[in-house]
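Student:
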Amino acid sequence: MTGTGTYMYAITRPLPESAFAEVPGMLGSPVRVVSDRGLACVVSTVDLADFGEQELRANLEDLTWVERVSRAHDDVVRSVAGLGTTAPLRLATVCNDDASVQQRLRRLGGRGEKLLSVLDGRDEWGLKLLGRVAQPMAAVAASSGAEYLRRQRDDFANRDELSVAASRRADDVYTFVATSAVAARRHRPQDARLSGLARPMLLNASFLVDRDEADAFRRSIDAVAQALPPDSVQLTGPWPAYSFTALEDG
Amino acid sequence: MTVPTDTVVTTRPASLVDLLDRLLGAGAVVAGDLTISLAGVDLITVQLRTLIATVREDR
């Protein structure tokens, strides 16, 4: 596809474009601001040779491209977040031109401001909970075939029991930590091939936390960590509120 | 009083996987005339997983 489109990073309240003079945008494109009344969208002009629908599908297969674009998106979103309350958009949200971005903002109207007011003074934190690597008994030298089969049966039973207990523990941790947060959301546990972790991931969640309450939130994570085997808890953040900006399509 | 624990906070750089959880799985969706619909997010995620698995095997 030829031509250009307007890549949207995030929605915020109006701010001067000069704030982004030093921020590198998507694939080398300058960062600009499109405003409409009380809302603004931080954007860059992108080539449809990269972001057209067909081209995008192909590019999403290329991990190097995905990483470059994801990092660029995140860098811009974080610099917007450094200036004011920010509702990040999904990766690769592209409109025809600035005029259609402006139309979107107008259509969003009060819902946009409402979303921003929910995010005011708050950050996202990520929590991952790791389980134990199962240790099968069947593999331990058995004295007979029958013994081996019995152990194998026990292993299956143990594994089920462990996984039920583990998922209950993940639910408990999620519920407990959510009491120290304004909002909570679960992501799918990461595939081991993606995370590169040997231990199974029991919980992958995001929490929206008042900046003023960040210390109390961290203490609740500490309490969870102390009750579990070492290195079971991974905390990331603060993130821009990526997981808490779901808007209905307008 | 802050009690020392083994909870290590990772700030930046974020891992790519953590970033993709957020950039593909979440984020405001604003319909655009050319908004690339990530309605196929699951599909894309699966493809990425296959891809990343391949990358890891190659190492």
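Protein sequence lines correspond, in order, to chains F and V.
Under our numbering, read the first sequence as residues 379 to 628, first letter to last.
Under our numbering, read the second sequence as residues 212 to 270, first letter to last.
Every residue, glycine too, gets a C-beta built ideally from N, C-alpha and C.
F/Val412 and F/Val479: beta carbons closer than 8 Å?
Tutor: Contact: yes.
Student: Is it true that the CB of F/Met579 sits closer than 8 Å to the CB of F/Leu467?
Tutor: No, the Cβ-Cβ distance between F/Leu467 and F/Met579 is not below 8 Å.
Student: When the Cα atoms are used, what is the spatial distance from F/Ser573 to F/Glu439?
Tutor: Spanning the two alpha carbons is a distance of roughly 18 Å.
Student: Please report whether the beta-carbon of F/Asp428 lies at a distance below 8 Å from any beta-carbon of chain V.
Tutor: No - not a single Cβ of chain V is within 8 Å of the one on F/Asp428.
Student: Run through DSSP, which three-state label would F/Gln612 get?
Tutor: Strand at F/Gln612.
Student: Can you find the residues in the same chain that come closer than 6 Å, C-beta to C-beta, to F/Phe622, ignoring five residues on each side of it along the sequence?
Tutor: These residues qualify, in order along the chain: Ala561 and Leu586.
Student: Taking 8 Å as the threshold (C-beta atoms), are F/Ala418 and F/Ala465 in contact?
Tutor: Cβ distance not < 8 Å, so F/Ala465 and F/Ala418 don't count as in contact.
Student: I think F/Asp414 touches F/Arg484, with their Cβ atoms under 8 Å apart; what is that distance to the nearest whole Å?
Tutor: That belief holds up - the Cβ atoms of F/Asp414 and F/Arg484 are roughly 5 Å apart, short of 8 Å.
Student: Going by alpha carbons, who is nearest to F/Gly383 out of F/Ser407, F/Ser396, F/Pro392 and F/Thr390?
Tutor: With distances taken between Cα atoms, F/Gly383 lies closest to F/Ser407.
Student: Please report the distance separating the alpha-carbon of F/Leu613 from that of F/Lys492.
Tutor: Using only the alpha carbons, I get a separation of about 28 Å.
Student: If we count Cβ pairs, one from each stretch, closer than 8 Å, do we get three or more for the region 388-406 of chain F versus the region 441-460 of chain F?
Tutor: The answer is yes - the region 441-460 of chain F touches the region 388-406 of chain F, with three or more Cβ pairs under 8 Å.
Student: Starting from F/Trp443, follow its DSSP beta bridges and name the residues at the other end.
Tutor: F/Trp443 is not bridged to any residue.
Student: Got a sec? Which residues, its chain only, sit under 7 Å from F/Ala548 by beta carbon, not counting five neighbours each side?
Tutor: Correct list, in chain order: Leu507, Leu580 and Leu581.
Student: For F/Glu591, decide whether its Cβ has a neighbour in chain V, counting only Cβ atoms nearer than 8 Å.
Tutor: Not one chain V Cβ lies under 8 Å of F/Glu591.
Student: Which two residues bound the contiguous beta strand (DSSP E) that contains F/Val411?
Tutor: Arg410 to Asp414 is the span of the beta strand (DSSP E), which, as asked, contains F/Val411.
Student: Would you mind sorting F/Val511 into buried or exposed? The rule is 16 or more other CB atoms within 10 Å of its CB.
Tutor: Exposed: under 16 other Cβ atoms inside 10 Å.
Student: Go through its chain and collect everything with a Cβ distance to V/Leu249's Cβ below 6 Å, but skip five positions before and after it.
Tutor: For V/Leu249, the predicted structure reports a pLDDT of 42, less than 50, and the residue's modelled location is therefore unreliable. A value from the coordinates is still provided. Closer than 6 Å at Cβ, skipping near neighbours: no residue.
Student: Roughly how far, in whole angstroms, is the beta-carbon of F/Ala544 from the beta-carbon of F/Gly490, given that I think they are within contact range, below 8 Å?
Tutor: At roughly 40 Å, the Cβ-Cβ gap does not stay under 8 Å, so F/Ala544 and F/Gly490 are not in contact.
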